[in-house]
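Just so we're aligned: 69 in numbering that gives the first Met the number 0 is position 70 of the sequence shown, and the numbers increase by one with no gaps anywhere. We treat Cβ as the ideally placed atom computed from N, Cα and C, and that holds for glycine. Source: prediction; values computed, not measured. Have a look at the structure below before the remarks.
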Amino acid sequence: MKHLPRTNYKEVSGDGYLKRIVLEAKDIGLKDTLLQEVQFTAGEKVAFHFHQVTREIFYCLAGPAPFVINGQPVVMNEGDCLICEPGDVHGNPVIDNDFRILVLKVGFREHDTIWLEG
């Protein structure tokens with residue numbers, strides 16, 4: 000058994016979001032795996048990007064959670080799950096409301112993100 004208290008999560012700020020690293024590969028013995036909670040703030044935006052190798056599984060904790068994926072608007076509601084495959088271009092050009100998601104990164108690689116705009 001491992002207890003990972005929220006107070007120990009590492010926080011990482013980005014443009015339009017705040018990530019909390021919930022667990023890393025070393026915590027569960029699964030190579031190239033990362034779980035993070037991501038909080039998005041109304042009025043911000045996240046530039047379009049994709050991952051070369053990493054697959055991302057989104058789980059909506061509090062929504063609605065709007066994204067644009069491969070040019071298609073998608074709105075996740077609380078409890079919805081969404082899978083972004085490597086190469087899927089995604090971002091949030093306009094964040095209208097605060098929302099939170101869990102992101103499970105499978106096949107995670109550092110420096111795997113290709114940003115398409117500032």
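Which whole-angstrom value describes the C-beta separation of residue i and residue j, a residue pair presumed to lie in contact below a C-beta threshold of 8 Å?
i, j, result
"N91", "F39", "7 Å"
"C83", "R108", "Their Cβ separation, rounded to whole angstroms, is 15 Å, which puts C83 and R108 out of contact at 8 Å."
"C59", "G42", "In fact, because the Cβ distance is near 20 Å, the residues do not count as touching under 8 Å."
Express the C-alpha separation of residue j and residue i in angstroms, rounding to a whole number.
i, j, result
"D14", "H89", "14 Å"
"D31", "D95", "33 Å"
"G61", "V52", "According to the sequence displayed, residue 61 carries Ala and not Gly. Going by the C-alpha atoms only, they are around 27 Å apart."
"V93", "G28", "37 Å"
"L22", "Q71", "30 Å"
"P4", "K104", "20 Å"
Starting from residue i, trace the alpha helix (DSSP H) both ways and give me its first and last residue.
i, result
"A24", "A24 to I27"
For the beta strand (DSSP E) holding residue i, just list the boundary residues, first then last.
i, result
"N91", "H89 to N91"
"R54", "R54 to A61"
"L34", "T32 to F39"
"P65", "A64 to I68"
"R99", "F98 to V105"
"T112", "T112 to W114"
"W81", "Correcting the residue identity first, residue 81 is Leu in this sequence and not Trp. Unbroken beta strand (DSSP E) run through L81: C80 to C83."
"M121", "Summary: the structure shown does not reach residue 121, with the chain confined to residues 0 through 117, and so no result is reported for it."
"E10", "K9 to G13"
"H2", "No beta strand (DSSP E) contains H2, which DSSP labels as neither H nor E."
Please work out which residues of its chain come closer than 7 Å, Cβ to Cβ, to residue i, disregarding the five sequence neighbours upstream and downstream, and give them in chain order.
i, result
"K1", "D26"
"G86", "F49"
"Q35", "K18, R19, I20, V21 and V102"
Can you give me the Cβ contacts of residue i inside the same chain, cut-off strictly under 8 Å, excluding the 5 residues immediately before and after it?
i, result
"I113", "H48, F49, H50 and Q51"
Which same chain residues, not among the five before or five after residue i, have their C-beta less than 6 Å away from its C-beta?
i, result
"F98", "F39, A61, G62 and A64"
"C80", "Y58"
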